[in-house]
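*Asks:*
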Amino acid sequence: MKGVHLFVALGAAVVGVAYLVFSFQPNAPRPTAAPGAIGADRPDEFVVGEPIVFQNLTIFPVSSITRKDEDRFITLDEGLKAGTVEILEKGAPRSDPSGNQLRATANSDPFAEPELSGANEVNELMVVNRSEKPLYLMPGEIIVGGDQDRTIGEELVVAPDGKPVSLNVFCVEHARWGSRSEQDYADILDFAAISESISTTIAVSDAGPIYGLAHEANLGKFIGSVGSLSKPARLAVQRGDGQSKVWEEVANENAKSKVEAATGTFTANYSDAESLERLRPYLEQLHDPIAGTENVVGVVVAVNGEMESLDVFQSTPLFKKLWPKLLKSYALDASNAQSDESDPKKATHMAAAAFLKDIAQASTVTEQASGDLAKSSGESDRVLVFSAREIQSQDVGGPSMMGGMGGMGFGGAIHSSGYSK
Numbered sequence: 064m065k066g067v068h069l070f071v072a073l074g075a076a077v078v079g080v081a082y083l084v085f086s087f088q089p090n091a092p093r094p095t096a097a098p099g100a101i102g103a104d105r106p107d108e109f110v111v112g113e114p115i116v117f118q119n120l121t122i123f124p125v126s127s128i129t130r131k132d133e134d135r136f137i138t139l140d141e142g143l144k145a146g147t148v149e150i151l152e153k154g155a156p157r158s159d160p161s162g163n164q165l166r167a168t169a170n171s172d173p174f175a176e177p178e179l180s181g182a183n184e185v186n187e188l189m190v191v192n193r194s195e196k197p198l199y200l201m202p203g204e205i206i207v208g209g210d211q212d213r214t215i216g217e218e219l220v221v222a223p224d225g226k227p228v229s230l231n232v233f234c235v236e237h238a239r240w241g242s243r244s245e246q247d248y249a250d251i252l253d254f255a256a257i258s259e260s261i262s263t264t265i266a267v268s269d270a271g272p273i274y275g276l277a278h279e280a281n282l283g284k285f286i287g288s289v290g291s292l293s294k295p296a297r298l299a300v301q302r303g304d305g306q307s308k309v310w311e312e313v314a315n316e317n318a319k320s321k322v323e324a325a326t327g328t329f330t331a332n333y334s335d336a337e338s339l340e341r342l343r344p345y346l347e348q349l350h351d352p353i354a355g356t357e358n359v360v361g362v363v364v365a366v367n368g369e370m371e372s373l374d375v376f377q378s379t380p381l382f383k384k385l386w387p388k389l390l391k392s393y394a395l396d397a398s399n400a401q402s403d404e405s406d407p408k409k410a411t412h413m414a415a416a417a418f419l420k421d422i423a424q425a426s427t428v429t430e431q432a433s434g435d436l437a438k439s440s441g442e443s444d445r446v447l448v449f450s451a452r453e454i455q456s457q458d459v460g461g462p463s464m465m466g467g468m469g470g471m472g473f474g475g476a477i478h479s480s481g482y483s484k
């Protein structure tokens, strides 16, 4: 019976994609929703707005007719900045609820979870959420520090209970396993200080100077998040292609961007001065028009007139908090796909509608429950689709740890993403 309920839960996320397609109204005005209204998804729940264009990058805002403005989740950037979220190597020192530093090994830490103890590992970290909200982690988010820079490897919601939780990750820094010099971290931190407009988040250390942050990072702590992976690397992560494929896509992107990093880290795309200058115009021109769209919950993205991707979230606050990070990845894709044409091809509403139809018609490939999330993926000959939603009490016959929020967002999903092949 549980399997039947789970199938229904996963199916709701797929149906939500179809809702978006059928609501596609290129020229229709967007109705004004009642303040604070949060209703069940309907076939006319979403509207795709007029395209916002800069050079070869076209972004269509996706809005919900009814307001979805409950700010339920804390994001990685918020948690790192506030110091209420820690991400660490498995064997790294961590803090107990009183702020005392502990080491996550069975011999020295009486609070350690045995499955999280031991030597550091490439593809597994530990995350602790001591905030007052569930922590949402999005695949492709890049974290800086530890033995290697990593990227979040899966959709994950972490309860705000202060307990260590295993986190699946991929390495995005092939040639480092160990500490970084203070100067290397100084370069990253200096970049963070001058690039606030493109939402690089580096945690603030009580120690103050760069030495304090470098010391924490070299003990195995991740001190910041610098953006999201490009489309090819995000796809490698979400498809579960494996570490070698992720490294391959990181190397490809670094070569396209012409960034040189001794350790081959993807972070260089967002810390190299020349790369930053190529990205900055996209970010300055596209951030505010999308963020200012009424009831915005996601975007459809095209590069050089070709549909590339879709990201839609459960609520406007969650989308807005992740928008600067996603925009950086879209801008990187567009920057590295620049042509010599003086007037790049622009994407049309008709092309966006066809892309969304392809997403809606993709056949379900996988369905699984992971913790409190129901995850599904779909595929056709043209697109790949991924969706994650909370398992509700009515889905599995028992209460959900995160609470019931059925009917919110993209078929009830926390996040749905789609990619052209």
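For reference, each letter of the sequence shown is one residue, going 64 to 484 in my numbering. Note that the Cβ used here is the ideal one computed from N, Cα and C, for glycine as well. In this text, all values refer to a predicted model and were calculated from it rather than measured experimentally.
Count the C-beta pairs between the region 128 to 147 and the region 228 to 236 that are closer than 8 Å, then say yes if the count reaches three, no if not.
*Replies:* no
*Asks:* Which residues bound the alpha helix (DSSP H) around residue 370?
*Replies:* Reading the sequence shown from its first residue, position 307 is the one you call residue 370. Not the alpha helix (DSSP H): residue 370 falls in the beta strand (DSSP E), residues 369 to 376.
*Asks:* What are the boundary residues of the beta strand (DSSP E) that residue 198 is part of?
*Replies:* The residue given as residue 198 occupies position 135 in the sequence shown. Where residue 198 is concerned, the enclosing beta strand (DSSP E) stretches over 198 to 200.
*Asks:* Kindly indicate the opening and closing residues of the beta strand (DSSP E) around residue 332.
*Replies:* As a working mapping, residue 332 is identified with position 269 in the sequence shown. Careful: residue 332 lies outside any beta strand (DSSP E) and carries neither H nor E.
*Asks:* Name the residue from 407, 433, 434 and 364 whose alpha carbon lies nearest to the alpha carbon of residue 481.
*Replies:* One-based indexing of the sequence shown puts residue 481 at position 418. The option with the nearest alpha carbon to residue 481 is 364.
*Asks:* For residue 205, does the three-state DSSP call read helix, strand or coil?
*Replies:* As a working note, residue 205 is residue 142 in the sequence shown. Looking at residue 205 - three-state DSSP - the assignment turns out to be strand.
*Asks:* Is residue 318 helix, strand or coil when you go by DSSP?
*Replies:* Reading the sequence shown from its first residue, position 255 is the one you call residue 318. In the structure shown, residue 318 sits in a helix (DSSP, three-state: H, G or I).
*Asks:* In terms of residues, what are the limits of the alpha helix (DSSP H) holding residue 422?
*Replies:* As a first step, residue 422 must be located in the sequence shown, where it is residue number 359. Start and end: 412 to 423.
*Asks:* So, is residue 429 buried or exposed, given that buried needs 16 or more other C-beta atoms within 10 angstroms?
*Replies:* As a first step, residue 429 is located in the sequence shown; it is residue number 366 there, counting from the start. Exposed: under 16 other Cβ atoms inside 10 Å.
*Asks:* Secondary structure at residue 302, three-state DSSP: helix, strand or coil?
*Replies:* Taking the sequence shown and counting its residues from 1, one reaches residue 302 at position 239. Looking at residue 302 - three-state DSSP - the assignment turns out to be helix.
*Asks:* How big is the Cα-Cα spacing for residue 240 and residue 210?
*Replies:* Along the sequence shown, one-based indexing puts residue 240 at 177. Along the sequence shown, one-based indexing puts residue 210 at 147. C-alpha separation (whole angstroms): 5 Å.
*Asks:* Let me know the secondary structure DSSP gives residue 382 once reduced to three states.
*Replies:* Translated into positions along the sequence shown, residue 382 becomes position 319. Helix, per DSSP.
*Asks:* Please determine, among 285, 115, 121 and 399, the residue with the shortest C-alpha to C-alpha distance to residue 368.
*Replies:* Stepping through the sequence shown from its first residue, residue 368 is reached at position 305. Ranking 285, 115, 121 and 399 by Cα distance to residue 368 puts 121 first.
*Asks:* Which of helix, strand or coil does DSSP assign to residue 161?
*Replies:* Looking up residue 161 in the sequence shown gives position 98. Below a pLDDT of 50, predicted positions are generally treated as unreliable, and residue 161, at 45, falls in that range; the measurement from the model is reported next regardless. Three-state DSSP puts residue 161 in coil, outside helix and strand.
*Asks:* Let me know if residue 403 comes out buried or exposed under the rule of 16 or more other beta-carbons within 10 Å of its beta-carbon.
*Replies:* Counting from 1 along the sequence shown, the entry for residue 403 is found at position 340. Exposed: under 16 other Cβ atoms inside 10 Å.
*Asks:* Any contact between the region 385 to 401 and the region 409 to 417? By contact I mean 3 or more CB pairs, one from each, below 8 Å.
*Replies:* These segments do not touch.
*Asks:* Buried or exposed: residue 355, going by 16 or more other Cβ atoms within 10 Å of its Cβ?
*Replies:* Locating residue 355 in the sequence shown gives position 292, counting from the first residue. Looking at its Cβ environment, which holds fewer than 16 other Cβ atoms inside 10 Å, residue 355 is exposed.
*Asks:* Please return the same chain residues whose Cβ sits closer than 6 Å to the Cβ of residue 297, not counting the five positions on each side in sequence.
*Replies:* Taking the sequence shown and counting its residues from 1, the one referred to as residue 297 is at position 234. Closer than 6 Å at Cβ, skipping near neighbours: 203.
*Asks:* Give, in chain order, every unbroken run of the beta strand (DSSP E) that is at least 3 residues long and sits entirely within the region 108 to 136.
*Replies:* 109 to 111, 115 to 117 and 120 to 127
*Asks:* Quick check: the Cα distance between residue 361 and residue 242, rounded to an integer number of angstroms?
*Replies:* The residue given as residue 361 occupies position 298 in the sequence shown. The residue given as residue 242 occupies position 179 in the sequence shown. The straight-line gap from Cα to Cα measures roughly 38 Å.
*Asks:* If you reduce the DSSP assignment to three classes, tell me which class residue 454 lands in.
*Replies:* Here residue 454 refers to the residue found at position 391 of the sequence shown. Here residue 454 sits in coil by DSSP.
*Asks:* Give the DSSP-derived three-state secondary structure of residue 211 in the structure shown.
*Replies:* The residue you call residue 211 lines up with position 148 of the sequence shown. Residue 211 falls in the coil class under three-state DSSP.
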